[in-house]
Every structure is written in C-alpha cells, then in structure tokens.
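Here's the structure, in structure tokens; my notes come after.
Chains as they are written, first to last, in our numbering: chain A, -11 to 71; chain B, -11 to 71.
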C-alpha cells in the first residue's frame, strides 16, 4: 500500500505506523476501517469535539481521508513487530 | 492478568480479547491505557454521546472500569495471534 500523500499531518501524533507518539492519543494500527471512517465523520461534524482533529480533517479532502483511514487500518501493531 | 469480573458486559461487542465482533465497534486490544481511561470518562459524561456506552459504564464502579481498561490494553491483537 502506498503511503498516503498527507500522512505527515496525522503522523505527528498517531505515528506513521499508527502507534501513538504521545499520551492521550490512540493507536490506530489495525483499527477497524469502518470505525476509523465513523470517527473521522464524528470529528468533522463535532460529535467528537477535539479541536486538533477538526482542524486536521478540515485540511483534507474526502479521498485523502479515505486513504489515511485505509493506511492505518492496514498497519500491523508494534507488538506484532516486536513479539 | 485475571479476567475482570464484569468483562462480559464489554465482550458482547468488543470481544473478550478486544477484537470487535460487529461493525462500527472499535478493536480495543493493545490500545493505550491512557486513551481507554479518557474514552470511558468521555462516554460517562456525554462528551462522546453513545447511549450503549453510557448505559454500560453506568452499571460499573471505578475499580471495575479500571480493571477493564487494563485488560483490553494488555490484550494482543488478532493479527499478532494469526500472523
């Protein structure tokens, strides 16, 4: 799977591989694609009120968001890489 | 780690091992403990408005909730078990 063009916008907090880089930020590696898409929609419309997510999502188009959700859902976990 | 006493309440949707059993429900296996605790607090106070989560959390005490968050954070992923 090619790296999404806008991956850097997410990777600062969620890691390029979906393993979060700071407290309070969820790991996304291997998360269900349907849940990730739903979460993005909730952040965008304010049902989940997290300003940094709303700002990040506002900078992205639908195709970018879908590529990012697919990327993270497809990543293996850190614990899988280091058994 | 012993199975939490109230695991069954969560496992119907999230699986006993943290791999979700139905669409729209997040996997919890290996999720960051700080994020799980924060999410539980948000569901409880309505910042994340998901009635089934509010109902489930309302049936549990603080010690139960903490045991459940620790349980799911400590579970390996399904992809780890089936490489």
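We put the CB at the ideal spot given by N, CA and C, even for glycine.
Here the structure is a predicted model, which is why all the values come from computation and not from measurement.
Determine whether the Cβ of residue 25(B) lies closer than 7 Å to any Cβ atom of chain A. The residue labelled residue 25(B) in the question sits at position 37 within the second chain. So no, residue 25(B) is outside the interface.
What residues in the region -11 to 13 of chain A have a beta carbon less than 8 Å from any beta carbon of chain B? 8, 11, 12 and 13
Expressed to the nearest angstrom, what Euclidean distance is found between the alpha-carbon atoms of residue -5(A) and residue 54(A)? Position 7 of the first chain, counted from the start, is the residue given in the question as residue -5(A). Position 66 of the first chain, counted from the start, is the residue given in the question as residue 54(A). Taking the straight line joining both Cα atoms gives about 11 Å.
Quick one: Cα of residue 21(B) to Cα of residue 60(B), how far? Here residue 21(B) is taken as the residue at index 33 of the second chain, counted from 1. Here residue 60(B) is taken as the residue at index 72 of the second chain, counted from 1. Between residue 21(B) and residue 60(B), the C-alpha separation is close to 8 Å.
Using a beta-carbon distance cut-off of less than 9 Å, what residues from the region 25 to 45 of chain A approach chain B? 26, 27, 30, 35, 36 and 37
Determine whether the beta carbon atoms of residue -2(B) and residue 13(B) lie at a separation below 7 Å. Within the second chain, the letter at position 10 stands for residue -2(B). Within the second chain, the letter at position 25 stands for residue 13(B). No, the Cβ-Cβ distance between residue -2(B) and residue 13(B) is not below 7 Å.
Could you name the residues of the same chain whose beta carbon sits closer than 6 Å to that of residue 65(A), not counting the 5 residues immediately before and after it, in chain order? In the first chain, residue 65(A) corresponds to position 77, counting from 1. Once the five neighbours on either side are set aside, the close Cβ partners of residue 65(A) are 17 and 18.
Taking only three categories from DSSP, how would you classify residue 65(A)? Numbered from 1 along the first chain, position 77 holds the residue referred to as residue 65(A). Residue 65(A): coil per DSSP, three-state reduction.
Inter-residue CB distance, residue 62(B) and residue -11(B) (contact presumed, cutoff 8 Å): Here residue 62(B) refers to the residue found at position 74 when the second chain is read from its first residue. Here residue -11(B) refers to the residue found at position 1 when the second chain is read from its first residue. That belief holds up - the Cβ atoms of residue 62(B) and residue -11(B) are roughly 5 Å apart, short of 8 Å.
Within 10 angstroms of the Cβ of residue -8(A), are there 16 or more other Cβ atoms? Answer buried if so, exposed if not. Numbered from 1 along the first chain, position 4 holds the residue referred to as residue -8(A). Buried is the call here.
Do we get a CB-CB distance below 7 Å when we pair residue 58(B) with the residues of chain A? Here residue 58(B) corresponds to residue number 70 of the second chain, with the count starting at 1. No, residue 58(B) lies away from the interface with chain A (no Cβ there is under 7 Å from its Cβ).
Since residue 32(B) and residue 57(B) should fall inside the 8 Å C-beta cutoff, what is the C-beta to C-beta distance between them, to a whole number of angstroms? To locate residue 32(B), count along the second chain from 1; it is residue 44. To locate residue 57(B), count along the second chain from 1; it is residue 69. With 8 Å as the limit, residue 32(B) and residue 57(B) do not qualify as a contact, their Cβ atoms being about 12 Å apart.
Alpha-carbon to alpha-carbon, residue 15(A) and residue 8(A): The residue you call residue 8(A) lines up with position 20 of the first chain. The residue you call residue 15(A) lines up with position 27 of the first chain. Using only the alpha carbons, I get a separation of about 5 Å.
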